[in-house]
Amino acid sequence: MKDRLKFLYNQNNKKEGMEKSFTQLLLFFVLILLVIFLSIKSPFFFTWNNIRNILDQTSLHLILAIGMTFVISSGGIDLSVGSVVALSGIAIGLMLKSGMPIVISSLLGIFVGGVLGLFNGILISGLKIAPFVVTIGSMSLYRGISLVITEGQPIYGFPVEFTYFGKGNFGEINPPIVLAAIIVLTAFFLD
């Protein structure tokens with residue numbers, strides 16, 4: 099009986115694996131068909147400028163998704179990511195406006211994000227509070243702090259050198275794309 103149950107369990111796992119592989123393969127083919135269709139409909143779709151534009155617009159999302167992949171694969175959840183990014187960005191913006199150098203402002207902004215994440219981590223791991231509860235609460239807290247600090251107004255007037263990082267380029271490729279590629283490769287080798 100035990101051998102029969104093991105056999106059925108293994109067969110079920112194989113079936114689920116095949117269904118998952120088929121679904122992923124189907125999505126890949128749908129993506130290919132979509133690219134072909136859009137390339138036929140618009141001569142501008144499959145051009146280097148459009149591809150670079152798409153990569154540029156999605157590079158920040160890719161960086162955040164890589165981090166979230168590790169969180170989700172470990173069985174956690176983090177709903178506060180957007181608010182952490184916002185508050186870290188506000189910290190960088192305020193430091194730049196006060197005349198602090200770009201490198202120091204950026205490093206301190208990353209530090210702020212790390213401290214916010216550490217706070218979440220202490221509540222989750224140290225106090226054993228559910229990740230969903232902690233991160234939904236900290237999402238609201240960090241968003242509220244962001245709105246109070248900025249009074250709901252955008253921060254502007256950054257040095258030209260800082261805007262180069264987001265708008266400049268390394269030849270044909272913008273810096274956020276390069277940063278996203280480095281993070282993807284690092285995550286690939288860490289996994």
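Numbering (this note's numbering), first residue to last: 99 to 289. By construction, the Cβ of each residue, glycine as well, lies at the ideal position given by its N, Cα and C atoms. On a predicted model such as this, the values are computed, not experimentally measured, just so you know.
Buried or exposed for residue i, going by 16 or more other Cβ atoms inside 10 Å?
| i | result |
| --- | --- |
| G255 | exposed |
| T305 | Outside the displayed range of the chain (99 to 289) lies residue 305, so it cannot be described from this structure. |
| G250 | exposed |
| R102 | With a pLDDT of 48 at R102, under the threshold of 50, the modelled position of that residue is not reliable, and no figure is offered here. |
| L194 | buried |
| M99 | Any reading at M99 needs caution, since the residue's pLDDT is 49, under 50, leaving its predicted position unreliable; the model's value is listed next. It is exposed - the Cβ of M99 has fewer than 16 other Cβ atoms within 10 Å. |
| S203 | buried |
| I222 | buried |
| A228 | exposed |
| L106 | Its pLDDT being 46, under 50, L106 is placed unreliably by the model, and nothing is read from it. |
| D289 | exposed |
| N151 | exposed |
| N267 | exposed |
Select from the options the residue whose C-alpha is nearest the C-alpha of residue i.
| i | options | result |
| --- | --- | --- |
| G174 | N151, S140 and G165 | G165 |
| S181 | I243, G219 and L123 | I243 |
| D154 | V276, K139 and S178 | V276 |
| M237 | G191, T284 and L214 | L214 |
| S157 | M198, K118, L136 and P274 | P274 |
| I190 | E270, L123, F260 and I149 | F260 |
| R241 | P257, S178, S196 and L225 | S178 |
| E270 | L125, L124, I149 and I227 | I149 |
| V183 | L162, N272 and I280 | L162 |
| N272 | L245, F287 and N147 | N147 |
| S196 | P257, F287, L225 and V169 | P257 |
So, under 8 Å CB-CB, residue i and residue j are touching, yes? Tell me the CB distance rounded to an integer number of Å.
| i | j | result |
| --- | --- | --- |
| L206 | I253 | Not really, about 15 Å apart at Cβ, beyond 8 Å. |
| I247 | I188 | 6 Å |
| S137 | F144 | 4 Å |
| V210 | L185 | 7 Å |
| V282 | L129 | Between L129 and V282 the Cβ distance is about 18 Å, and since that is not below 8 Å, they are no contact. |
Problem set entry | Complete beta strand (DSSP E) runs within the stretch 214-265 (minimum length 3 residues, chain order) | none
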